[in-house]
Amino acid sequence: GEDVEQSLFLSVREGDSSVINCTYTDSSSTYLYWYKQEPGAGLQLLTYIFSNMDMKQDQRLTVLLNKKDKHLSLRIADTQTGDSAIYFCAEEGSQGNLIFGKGTKLSVKP
Amino acid sequence: NAGVTQTPKFQVLKTGQSMTLQCAQDMNHNSMYWYRQDPGMGLRLIYYSASEGTTDKGEVPNGYNVSRLNKREFSLRLESAAPSQTSVYFCASSVEGRTYGYTFGSGTRLTVV
Numbered sequence: 070g071e072d073v074e075q076s077l078f079l080s081v082r083e084g085d086s087s088v089i090n091c092t093y094t095d096s097s098s099t100y101l102y103w104y105k106q107e108p109g110a111g112l113q114l115l116t117y118i119f120s121n122m123d124m125k126q127d128q129r130l131t132v133l134l135n136k137k138d139k140h141l142s143l144r145i146a147d148t149q150t151g152d153s154a155i156y157f158c159a160e161e162g163s164q165g166n167l168i169f170g171k172g173t174k175l176s177v178k179p
Numbered sequence: 066n067a068g069v070t071q072t073p074k075f076q077v078l079k080t081g082q083s084m085t086l087q088c089a090q091d092m093n094h095n096s097m098y099w100y101r102q103d104p105g106m107g108l109r110l111i112y113y114s115a116s117e118g119t120t121d122k123g124e125v126p127n128g129y130n131v132s133r134l135n136k137r138e139f140s141l142r143l144e145s146a147a148p149s150q151t152s153v154y155f156c157a158s159s160v161e162g163r164t165y166g167y168t169f170g171s172g173t174r175l176t177v178v
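If you want it as structure tokens, here you go:
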């Protein structure tokens, strides 16, 4: 079945790097996504990676994809307090929908 | 650009009451989705509409009905609300069959007492 797993919590100090990990099951996903949700807000697309890539960098964000292990990670460099949020990994479902992990709550301490 | 608009933003219902959550998009997307978000559970698909005139069940459809009123609008109805339906509901839309360009509404926070 389709499933996405990620750890629920991550705590880092301001200025450190954060790495959020995710495993997924559907190897046919064309795209894999990272969404960010700030408290009380909706989901904001943070970044995505095309399945034939193994890395994508976008300013402070680096996405790594290991298709063999079905492992996706999001690295945030120089983490700031404004990065505190819940981060969701998502793969494509068979119904054109997105299948989300349970979300990783990132806490950034000053 | 409004994108995906959900109404209302907040609602409190008593057990057994009914209500309809409204969703409209102005991006000419064919596909629309309803998700619910519960703490520690991520987002789970309730119902979706791949194109105008079609609706299908998702992962957690029990207790809900949907209507794809036209290409723009996709409503979610709770006929007899239960406390287990306390959640945040998100509507989303996309080009048919494609997750790239998925757009979410800002959510409806529903409490059933």
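Going down the list, the sequences are from chains H and F.
Heads up: take any position in the first sequence, counting from 1, add 69, and you land on the working numbering.
Heads up: take any position in the second sequence, counting from 1, add 65, and you land on the working numbering.
Backbone N, C-alpha and C define an ideal beta-carbon position, used for all residues, glycine too.
Of all the CB atoms in chain H, is at least one closer than 7 angstroms to the CB of residue 139 of chain F?
Sequence index remark: in the second sequence, residue 139 of chain F carries index 74 (1-based). It does not: the Cβ of residue 139 of chain F has no partner Cβ on chain H nearer than 7 angstroms.
Output needed in chain order: residues of the region 85–97 of chain F with a Cβ under 8 angstroms from some Cβ in chain H.
Per Cβ criterion, the list reads 96.
Mapping DSSP to helix, strand and coil, what is residue 152 of chain H?
Taking the first sequence and counting its residues from 1, the one referred to as residue 152 of chain H is at position 83. Secondary structure of residue 152 of chain H (DSSP, three-state): helix.
Can you give me the C-alpha to C-alpha distance between residue 92 of chain H and residue 108 of chain F, rounded to a whole angstrom?
Position 23 of the first sequence holds residue 92 of chain H. Position 43 of the second sequence holds residue 108 of chain F. C-alpha separation (whole angstroms): 16 angstroms.
What's the C-alpha gap between residue 95 of chain H and residue 147 of chain F?
Numbered from its first residue, the first sequence carries residue 95 of chain H at position 26. Numbered from its first residue, the second sequence carries residue 147 of chain F at position 82. For residue 95 of chain H and residue 147 of chain F, the distance between alpha carbons rounds to 33 angstroms.
Using a C-beta cutoff of 7 angstroms, does residue 119 of chain H count as contacting chain F?
Counting from 1 along the first sequence, the entry for residue 119 of chain H is found at position 50. Chain F, which has no Cβ nearer than 7 angstroms to the Cβ of residue 119 of chain H, makes this no.
Under 8 angstroms from the C-beta of residue 161 of chain H: neighbouring residues of chain F
What you label residue 161 of chain H is simply residue 92 of the first sequence in a count that begins at 1. Those are 164, listed as they occur along chain F.
Give the residues from the region 118–129 of chain F that approach chain H closer than 8 angstroms (Cβ to any Cβ), ordered along the chain.
So the close ones are 121, 123.
According to DSSP, is residue 96 of chain F helix, strand or coil?
The residue labelled residue 96 of chain F in the question sits at position 31 within the second sequence. Of the three classes helix, strand and coil, the one that applies to residue 96 of chain F here is strand, per DSSP.
In terms of alpha-carbon separation, which member of F:178, F:141, F:72 lies closest to residue 151 of chain F?
Locating residue 151 of chain F in the second sequence gives position 86, counting from the first residue. Measuring from the Cα of residue 151 of chain F, the nearest candidate turns out to be F:178.
Measuring CA to CA, which of H:178, H:179, H:172, H:177 is closest to residue 106 of chain F?
For the purposes of this step, residue 106 of chain F is taken as residue 41 along the second sequence, with counting starting at 1. Closest in C-alpha terms to residue 106 of chain F, from the list H:178, H:179, H:172, H:177, comes H:172.
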